Amino acid sequence: MAKTVFIIVDGMADLPIKRLKNETPLEYAIKTNLYKFLKHSEFAYPSVLGKLAPQSDSGVMADLGYDPFKYSTGRGWFECLGLGMQPKDGELSIRVNFGSVVKGKLKDVRIYMSKEELEELSNEINKKVKVSADFDFKAGEGYRAGLVFRSGKKDFSSFVSNNEPGYTAKFFDNGVKLSFATAVKDRKIHKIKAVRKEAEYTASLLNDFVSKASAVIKNSRVYRERKKRGLELPDYIFLRDAASKDPKLPDINDKYGKKWAAVAGMPLEKGIATAAGMTLVDTAEDKDIKTDFYDKAEKTARALSKFDAVYLHIKQTDAVSHLGKFRDKYAIIENIDKIIISKLAGAMDLGKDTLIMTCDHATSSELKRHINSNIPVMISNSKFGFHGNFSERVCSKEHIKEIKRAVDIMPFVMSL
Ligand SMILES: [Zn+2]
Numbered sequence: 001m002a003k004t005v006f007i008i009v010d011g012m013a014d015l016p017i018k019r020l021k022n023e024t025p026l027e028y029a030i031k032t033n034l035y036k037f038l039k040h041s042e043f044a045y046p047s048v049l050g051k052l053a054p055q056s057d058s059g060v061m062a063d064l065g066y067d068p069f070k071y072s073t074g075r076g077w078f079e080c081l082g083l084g085m086q087p088k089d090g091e092l093s094i095r096v097n098f099g100s101v102v103k104g105k106l107k108d109v110r111i112y113m114s115k116e117e118l119e120e121l122s123n124e125i126n127k128k129v130k131v132s133a134d135f136d137f138k139a140g141e142g143y144r145a146g147l148v149f150r151s152g153k154k155d156f157s158s159f160v161s162n163n164e165p166g167y168t169a170k171f172f173d174n175g176v177k178l179s180f181a182t183a184v185k186d187r188k189i190h191k192i193k194a195v196r197k198e199a200e201y202t203a204s205l206l207n208d209f210v211s212k213a214s215a216v217i218k219n220s221r222v223y224r225e226r227k228k229r230g231l232e233l234p235d236y237i238f239l240r241d242a243a244s245k246d247p248k249l250p251d252i253n254d255k256y257g258k259k260w261a262a263v264a265g266m267p268l269e270k271g272i273a274t275a276a277g278m279t280l281v282d283t284a285e286d287k288d289i290k291t292d293f294y295d296k297a298e299k300t301a302r303a304l305s306k307f308d309a310v311y312l313h314i315k316q317t318d319a320v321s322h323l324g325k326f327r328d329k330y331a332i333i334e335n336i337d338k339i340i341i342s343k344l345a346g347a348m349d350l351g352k353d354t355l356i357m358t359c360d361h362a363t364s365s366e367l368k369r370h371i372n373s374n375i376p377v378m379i380s381n382s383k384f385g386f387h388g389n390f391s392e393r394v395c396s397k398e399h400i401k402e403i404k405r406a407v408d409i410m411p412f413v414m415s416l
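In this text, residue positions in the sequence shown follow my numbering: the first is 1, and each later residue adds one.
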């Protein structure tokens, strides 16, 4: 059977940058190995969420063929599932950031810490925070954690706002909850609000949790040690995208009649892959980009011998975009080409297999946030003709008309 590799390069798309000769990082990057795939390729240039700037959860869902406007119940579900917390319908799953707030105003939403520091803080929170519901708090990567409230005094509801500036939740009548990225204009930290009456208990529980957990962090050994060493200090927790329902994604293996594996290191993407029924290949994110790419390339190639299709997620492009490092961004894309694409060119049968390369959303490295631009998609298959470069610009001009939205990618490529 012909094989498929679907690479999602997080936040890869960008806007033209003056200091890169008015090109985007994708356009500017030298992609020698990709030409082997571009020889037989078609492009698409779909919108992900229309006017809304997507978060990674809705972007990845859409790319993998799950309409976020139909299936999204809140990112927290996938984050906690990907952390191995096994959320259940009716429980409340939440994505957490360790950040910093000074005099009621946002200083930083991301305080990067070591795995040991994150775990120590998480253990303390589990032990010392007492609120009106049972919960599990689990360390993630960098500045992230997961939080699942198991049972409370009243039923939980996902109809609550986020306290993390820059992410706004939008609620739909069919129970769908989407959150999207916005510019941070107001640095004042707002309390979590109930959007519907049924969520009043949940909102007050979450506000209570935020103040108690933040107090635990400020009194922790980790805080004191970091202060001594002059490092950035975590003193606040941001709760985002609470989910109280299983999104019930239809099984991707049944949907397309192919066996899927996923090579993804971050909890969110692991969670989405698990919810979709993919088999997870054991992978962690390595801090060294080259080590990480060699590992993921090897695992993707190996998974191809056992599975019909592999979803590979590359995270680093988005992280550098949020930091405004556009030169690092094109260098990362060049390394994807050198390490991952070159490996795949050897491992795949270019006469019959299909490679898809795209992203979950565009992240502007000048604005340092996600934007609502359409995403560039390369679909390489021997049926298609030659293209010279893969970029936002080329995709916007030459693209398959039937792929209007990111959710249209999968039905198209699975029918090849
Ligand atoms: Zn993303």
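C-beta: ideal position from N, C-alpha, C; glycine also.
Keep in mind that this is a model prediction, so the values were computed, not measured.
Residues near ligand 1, CB to any non-hydrogen atom under 6 Å, in chain order?
Asp-10, Gly-11, Ser-56, Gly-59, Asp-318, Asp-360, His-361
The alpha helix (DSSP H) spanning Leu-81 covers which residue range?
75-82
Helix, strand or coil for Asp-360, going by three-state DSSP, please let me know.
coil
Provide the residue span of the beta strand (DSSP E) that contains His-322, from first to last.
Taken as a continuous stretch (DSSP letters only), His-322 belongs to no beta strand (DSSP E), being part of the alpha helix (DSSP H) at 316-322.
Nearest by alpha-carbon distance to Glu-164: which of Phe-171, Ser-179, Lys-154, Asp-173 is it?
Ser-179
Buried or exposed, going by whether 16 or more other CB atoms sit within 10 Å of the CB of Met-278?
buried
Quick check: the segment 135-147 against the segment 175-192, are there 3 or more CB pairs under 8 Å?
When Cβ pairs closer than 8 Å are counted between the two stretches, the segment 135-147 is seen not to touch the segment 175-192, the count staying below three.
Report yes or no: do three or more beta-carbon pairs, one from the segment 232-245 and one from the segment 59-79, lie closer than 8 Å?
yes
For Val-418, which option in Ala-273, Glu-116, Leu-121, Lys-70 has the closest C-alpha, if you only look at C-alpha atoms?
The displayed coordinates of the chain run from 1 to 416. Any statement about residue 418 would go beyond what the structure contains.
Suppose the cutoff is 6 Å on Cβ atoms and the five residues either side in sequence are ignored; what does the same chain contact list for Asn-162 look like?
Ala-169, Arg-240
Which word fits Thr-32, buried or exposed, when buried means at least 16 other C-beta atoms lie within 10 angstroms of its C-beta?
exposed
I'd like the span of the beta strand (DSSP E) that includes Val-102, first residue to last.
92-102
Nearest residue (CA-CA) to Asn-381, options Thr-358, Phe-149, Asp-349, Leu-312
Closest by alpha carbon: Asp-349.
Within 8 Å, do at least three Cβ pairs link the segment 23-38 to the segment 201-212?
no
With a cut-off of 8 Å on the beta carbons, I'd call Gly-47 and Arg-405 a contact; round off their distance for me.
The sequence shown places Ser at residue 47, rather than the Gly named in the question. Correct: roughly 6 Å between the Cβ atoms.
Here's the rule I'm using: 16 or more other beta-carbon atoms within 10 Å means buried, otherwise exposed. How should His-40 be labelled?
buried
Taking Asp-134 and Ser-151 to be in contact with their CB atoms under 8 Å, please state how far apart those CB atoms are, rounded to whole angstroms.
Confirmed, Cβ separation roughly 5 Å.
Would the segment 280-294 and the segment 337-352 be scored as touching if the rule is three or more Cβ pairs under 8 Å?
yes
Expressed to the nearest angstrom, what Euclidean distance is found between the alpha-carbon atoms of Glu-42 and Val-109?
39 Å
Going along the chain, which residues of its own chain have a beta-carbon closer than 7 Å to the beta-carbon of Asp-89, five neighbours each way excluded?
Lys-245, Asp-246
Taking only three categories from DSSP, how would you classify Pro-411?
helix
Inspect the CB distances between the segment 51-66 and the segment 123-133 and report whether three or more fall short of 8 Å.
no
Between the C-alpha atoms of Ala-62 and Val-377, what's the straight-line distance to the nearest angstrom?
A straight line joining the alpha-carbon of Ala-62 with that of Val-377 spans about 13 Å.
Suppose the cutoff is 7 Å on Cβ atoms and the five residues either side in sequence are ignored; what does the same chain contact list for Lys-154 look like?
Hits under 7 Å: Tyr-201.
Per DSSP, Lys-177 forms a beta bridge with which residues?
For Lys-177, which the question treats as bridged, DSSP gives the partners Phe-171.
Nearest-angstrom Cα separation, counted from Leu-49 out to Thr-363:
One C-alpha to the other measures close to 14 Å.
Am I right that Phe-390 and Leu-147 are in contact with their C-beta atoms under 8 Å? What's the rounded C-beta distance?
In fact, because the Cβ distance is near 39 Å, the residues do not count as touching under 8 Å.
With 16 other CB atoms within 10 Å as the buried threshold, where does Leu-323 fall?
Per the 10 Å Cβ criterion, exposed.
Pick out the complete beta strand (DSSP E) segments inside the segment 14-81, 3 residues or longer, and give them in chain order.
41-44
Could you tell me which whole alpha helix (DSSP H) segments of length 4 or greater appear in the segment 368-403?
Here the runs fully enclosed are 392-397.
Quick one: residues in its chain with C-beta nearer than 6 Å to the C-beta of Arg-95, no 5 flanking neighbours on either side, listed in chain order?
Arg-75, Gly-76, Glu-79, Arg-240, Asp-241
Measure the Cβ-Cβ separation of Leu-192 and Val-160 and say whether it is below 9 Å.
Sequence inspection shows Ile at residue 192; the Leu mentioned does not correspond to that position. Cβ atoms of Ile-192 and Val-160: closer than 9 Å.
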